[in-house]
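Below is one structure; the comments refer to it alone.
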Amino acid sequence: MTLIDLASDPSAVVRKAVATRTDAPAQALRPLTRDHDRQVREAVARNPSTSVANLRLLVKDADRWVRWAVAGNPACDESIRRVMAEAPDKELRGLLAETPDLEPELAARLVNDVSPEVRERLGTHTRDPDVITALMADRTVRVRKGLARNPRTTSAQRSALAQDPVADVRAALVLAVELDEVDLRRLVDDRSVQVRMAMATSEVVPPHIRHLLGRDPDEMVASAARDFRPGSGSAPVVRAPRIGHRASGTGRGRPGGARR
Numbered sequence: 057m058t059l060i061d062l063a064s065d066p067s068a069v070v071r072k073a074v075a076t077r078t079d080a081p082a083q084a085l086r087p088l089t090r091d092h093d094r095q096v097r098e099a100v101a102r103n104p105s106t107s108v109a110n111l112r113l114l115v116k117d118a119d120r121w122v123r124w125a126v127a128g129n130p131a132c133d134e135s136i137r138r139v140m141a142e143a144p145d146k147e148l149r150g151l152l153a154e155t156p157d158l159e160p161e162l163a164a165r166l167v168n169d170v171s172p173e174v175r176e177r178l179g180t181h182t183r184d185p186d187v188i189t190a191l192m193a194d195r196t197v198r199v200r201k202g203l204a205r206n207p208r209t210t211s212a213q214r215s216a217l218a219q220d221p222v223a224d225v226r227a228a229l230v231l232a233v234e235l236d237e238v239d240l241r242r243l244v245d246d247r248s249v250q251v252r253m254a255m256a257t258s259e260v261v262p263p264h265i266r267h268l269l270g271r272d273p274d275e276m277v278a279s280a281a282r283d284f285r286p287g288s289g290s291a292p293v294v295r296a297p298r299i300g301h302r303a304s305g306t307g308r309g310r311p312g313g314a315r316r
C-alpha cells in the first residue's frame, strides 16, 4: 500500500504515522489536515513537508495544540506569520513574538499587542533595535522585565534598565546580562535585597563585585555571595523557546507546560 492509501486507513495510529513522514506526498497530507483526530492534524502541522497552503488552514484549526504546532514548523512563511499576528489566540501571538528574525512590520504590530505577555516575550527574544527601543518605554513591568533578559540591548539601554524603579526589572537584568562597571557599582548598594541577592547569585556578575557583596549588611546576601560557585546553577537561565513543543504529560495549558 502507498502512503496515499494509508492516509485513509481506519486507524488513527496509522494515519498519524503517515502525517509524520517527511516523504509523504501532498496527496497524502492534504486530507489529513481535516482529519477528525487532533493528534493526526497536529502531526501534519509539525511536518516540515506540509505545504504552506495546508499550514494556512491548520494555523486556524479549532484545536490550540494544532495551531501552536504550526508556529514551530520551519515551512512557515510570512503569509502564515501574518495570520498568527492577527489571531485571537494570545499564545499563538506569543509564539510568533519569539520567532527569530521576525519581519519588522509584524514585530511593530506586536509592540502594541493588547497582551502584556506577548509584549514581554517579544522583548526577551527580539533582535530588532527599533522594537527594543519602543519596548523600553512600555509602562508594564513584566514587559520591561522581559526586555531586561534580552542579550541584544545596548549598554545605554542596560544602564537605563539598571535604574528601573521596579526591583523585579533590576533583578532580572543582573541575572541575565553583563553590565558596565558604573552600573554594577550602583547596584551593589541597591535598596532592594532582592536585587542584591540576584547579583550575589548571578553567573554574569564579575568576581570583584561579588566580593563586595560578601560584606553586604544583609547576612543572607553576604552568605550567598561568599558561598557562590560558578556553574552551580544557583541563578535561573533564560533558554531558547521550544516553539510549539508539548512535552508528554503536561496536560492543559501552555506548550511544554510552561507557566508565566
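Just so you know, the sequence shown maps onto residues 57 to 316 in the working numbering. All residues carry an ideal CB built from backbone N, CA and C; glycine is no exception. Keep in mind it's a predicted model, so treat the numbers as computed, not measured.
Proximal residues to residue i (C-beta, below 8 angstroms), its chain only, five neighbours per side dropped
i	result
residue 250	223, 224 and 227
residue 73	62
Nonlocal neighbours in the same chain, by C-beta distance under 7 angstroms from residue i, ignoring five residues either side
i	result
residue 179	191, 199, 202, 203 and 206
residue 83	60
residue 143	149
residue 262	none
residue 99	72, 75 and 76
Assigned secondary structure, residue i (DSSP; H/G/I helix, E/B strand, else coil)
i	result
residue 138	helix
residue 267	helix
residue 158	coil
residue 202	helix
residue 248	coil
residue 235	coil
residue 189	helix
residue 183	coil
residue 219	coil
residue 275	helix
residue 294	Unreliable positioning characterises residue 294 in this predicted model, as indicated by a pLDDT of 40, which lies under 50. A coordinate reading is not provided.
residue 146	helix
residue 172	helix
residue 57	coil
residue 340	Within the shown structure, residues of the chain are numbered from 57 to 316, placing residue 340 beyond reach of any answer.
residue 119	coil
Proximity below 8 angstroms, CB of residue i to CB of residue j
i	j	result
residue 151	residue 124	yes
residue 244	residue 269	yes
residue 233	residue 260	yes
residue 131	residue 104	yes
residue 229	residue 214	yes
residue 271	residue 284	no
Cutoff 6 angstroms; reference residue i; Cβ partners in own chain excluding five residues on either side
i	result
residue 101	114, 122, 125 and 126
residue 196	172
residue 70	62
residue 242	none
Would you list, in sequence order, the uninterrupted beta strand (DSSP E) runs of no fewer than 3 residues that lie entirely inside the segment 64-91?
-> none
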